[in-house]
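Chains A and B, in that order, are what the protein sequence lines are. For the first sequence, position 6 matches number 6 in the numbering used here, and the numbering has no gaps at all. For the second sequence, position 203 matches number 1203 in the numbering used here, and the numbering has no gaps at all. Every residue, glycine too, gets a C-beta built ideally from N, C-alpha and C.
Protein chains: 2
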Amino acid sequence: MATSLLIFEDNNQLRQSLQLLLNDGMFFSVKAAFENCLRAAEEVLLHEPDLVIMDIDMPGRSGVEGLKAIKAVRPATKIIMFTVFDDDEQIFECICAGADGYLLKHTPPARLMAALQEAMEGGSPMSPQVANKIFHYFRQASKPAPDYNLSEREKEILQLLIKGNGYKMIAAECFISLDTVKKHLKNIYTKLHVSCGTEAVAKALKEKIVAV
Amino acid sequence: MATSLLIFEDNNQLRQSLQLLLNDGMFFSVKAAFENCLRAAEEVLLHEPDLVIMDIDMPGRSGVEGLKAIKAVRPATKIIMFTVFDDDEQIFECICAGADGYLLKHTPPARLMAALQEAMEGGSPMSPQVANKIFHYFRQASKPAPDYNLSEREKEILQLLIKGNGYKMIAAECFISLDTVKKHLKNIYTKLHVSCGTEAVAKALKEKIVAV
DNA sequence: TCGTCAATTACCCTTTTGGGTGATTTTTAA
DNA sequence: TTAAAAATCACCCAAAAGGGTAATTGACGA
Chain A
1 MATSLLIFED NNQLRQSLQL LLNDGMFFSV KAAFENCLRA AEEVLLHEPD
51 LVIMDIDMPG RSGVEGLKAI KAVRPATKII MFTVFDDDEQ IFECICAGAD
101 GYLLKHTPPA RLMAALQEAM EGGSPMSPQV ANKIFHYFRQ ASKPAPDYNL
151 SEREKEILQL LIKGNGYKMI AAECFISLDT VKKHLKNIYT KLHVSCGTEA
201 VAKALKEKIV AV
Chain B
1001 MATSLLIFED NNQLRQSLQL LLNDGMFFSV KAAFENCLRA AEEVLLHEPD
1051 LVIMDIDMPG RSGVEGLKAI KAVRPATKII MFTVFDDDEQ IFECICAGAD
1101 GYLLKHTPPA RLMAALQEAM EGGSPMSPQV ANKIFHYFRQ ASKPAPDYNL
1151 SEREKEILQL LIKGNGYKMI AAECFISLDT VKKHLKNIYT KLHVSCGTEA
1201 VAKALKEKIV AV
């Protein structure tokens, strides 16, 4: 059984090329192709395709919105984003919105077909440049947490504060006196250069000083 | 010029298979292969390989540590993780630590060689299962922020609280009386089901109720 | 061995927080 | 137009937070 496709792509030449390529009478069958995704959700409900190829930069309504609209009405539809853009924001927005793959337009035909196949098998195909962006994203996100020279005990108490405990509860949890808790928090505030508990909590969470 | 390789893999059979496969006299050249990565950094400095294939589950010292050690002394070395594990934590830790690719051991030889080539060209090859985990990670991370029915004003005041402002400062910033600020915060705490400011800040940041 | 530092406790004091109740006005939705 | 929701302000009051100072103990390294 061939995989049925819908194509949303505003470039006439490219859209027709895709149709020719993917109407191979074997593995793929193009149900319809459109030059914009204004009626993306409706067309998907009408044709019930296995997979959608979605350009991003289209007049009227962006492919990202088309993606969201389709996933909202028929989540099982696989959607491969197909674009010249490798803008970081765009990539992450699409992935978060449920895209099943992200391919750049210079992908060679054989690789494109392999990627569509991979998506149908539950994979998440992406172009190497996209994979690179994702790897970079993670490295960026894991920049070393600044060290404010908090002692273990101080980290423990800060942790309890973040959990929503008052001074008294922290004292009870740690089996120490209320005054000791206050003393520790005073030191913590000084070390973090903050003036109160809420600010300390905000800073600790933002800068990942403690485990969440 | 063939790509020079080092291999760290504790399974004898697999290690020898990799050597046979990759000593093809054309594209790849295996400089040496080891059954543990205790001396990973030293061997890399000695052999100066273009690329390292690193198993994760090895006796004595895990491949993740080997990865970090190598990247610490010779960051230009490409490192492909090669493992049976597709544990989420492991994957993300490796990516953050600078891995250039992440392949599962059942990768077919042709795909493995293509992946090594891709890594040498600056790509970030990964097995489909790994790509899937990454896509899932992003979707997870962007799960819809729970709506606690906070009004705009309440969000604004919560935001100021997170910034470390006391009640008085919030009142001044918003040009409203201290009592109004108190009233708003009381309502906020009720809506968020928390009992104090620190807990509200923690919840707001953890659940991304407000922009950071 | 001595000095330093973390952890602990205590006491004093003021300000801030947070909860309760109630009321007015404005905006929004039905 | 009327009702509900949001925003505003006020007053009372107890508890909590936060800052200062000082002292003791134990561990660890110079």
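Where the region 140 to 170 of chain A meets chain B: residues whose CB sits under 9 Å from a CB there: Among the residues of the region 140 to 170 of chain A, those with a Cβ less than 9 Å away from any Cβ of chain B are A141, S142, L161, I162, K163, G164, N165 and G166, in the order of the chain.
Where B/F1028 falls, given that 16 or more other Cβ within 10 Å makes a residue buried: buried
Boundaries of the beta strand (DSSP E) in which A/G101 is found, first to last residue: Per DSSP, the continuous beta strand (DSSP E) segment holding A/G101 begins and ends at G101 to L104.
Whole-angstrom distance between A/A119 and B/P1128, CA atom to CA atom: 9 Å
Exposed unless 16 or more other CB atoms sit within 10 angstroms - verdict on A/H184: buried
Three CB pairs or more closer than 8 Å across the region 149 to 158 of chain A and the region 38 to 58 of chain A: With fewer than three CB-CB distances shorter than 8 Å, the region 149 to 158 of chain A does not count as touching the region 38 to 58 of chain A.
Contacts around B/D1100, its chain only, beta-carbon distance under 7 Å, and the 5 residues preceding and following it disregarded: K1078, I1079, I1080, A1119 and S1124
Per-residue contacts from B/T1003 into chain A (C-beta, under 9 Å): Neighbours of B/T1003 on chain A: none; closest Cβ ~17 Å, over 9 Å.
Range covered by the alpha helix (DSSP H) that runs through A/M169: Bounds of the alpha helix (DSSP H) holding A/M169 are Y167 to C174.
Beta-carbon proximity list for A/E9, same chain, < 6 Å, skipping 5 on both sides: These residues qualify, in order along the chain: R15 and D55.
Members of the region 167 to 199 of chain A near chain B, C-beta cut-off 9 Å: V194, S195, C196, G197, T198 and E199
Rounded Cβ spacing between B/L1051 and B/A1097 (contact assumed at less than 8 Å): At roughly 16 Å, the Cβ-Cβ gap does not stay under 8 Å, so B/L1051 and B/A1097 are not in contact.
is_contact[A/L104, chain B] using C-beta, thresh 8 Å: no
Where the region 106 to 120 of chain A meets chain B: residues whose CB sits under 8 Å from a CB there: Listed by position, the residues of the region 106 to 120 of chain A near chain B (Cβ gap below 8 Å) are E118.
Any C-beta of chain B under 8 Å from that of A/I209: no
Unbroken stretches of the alpha helix (DSSP H), 4 residues or longer, contained in the region 105 to 161 of chain A: Scanning the region 105 to 161 of chain A for uninterrupted alpha helix (DSSP H) segments of 4 residues or longer gives 109 to 120 and 128 to 141, listed from N- to C-terminal end.
Residues, ordered as in the chain, of the region 3 to 21 of chain A that lie near chain B by beta-carbon distance below 8 Å: Hits within the stretch: zero.
Cross-chain neighbours of B/V1064 in chain A, by beta carbon under 8 Å: Those within 8 Å of B/V1064 in chain A number zero; the least Cβ separation is about 13 Å.
C-beta neighbour in chain A for B/G1098, strict 8 Å: yes
Contact list for A/F138 against chain B, beta-carbon separation under 7 Å: F1092, I1095 and C1096
B/L1006 vs B/E1043 beta-carbon contact at 8 Å: yes
Helix, strand or coil at A/I209 according to DSSP, with G and I counted as helix: A/I209 falls in the coil class under three-state DSSP.
Whole-angstrom distance between A/T180 and A/K186, CA atom to CA atom: 10 Å
Cβ neighbours of B/A1032 in the same chain (closer than 7 Å, five flanking residues each side left out): L1006, E1043 and H1047
Cα-Cα separation between B/F1138 and A/F92, rounded to whole angstroms: 8 Å
Any chain B beta carbon closer than 8 Å to A/F135: Interface with chain B (8 Å Cβ-Cβ cutoff): A/F135 is included.
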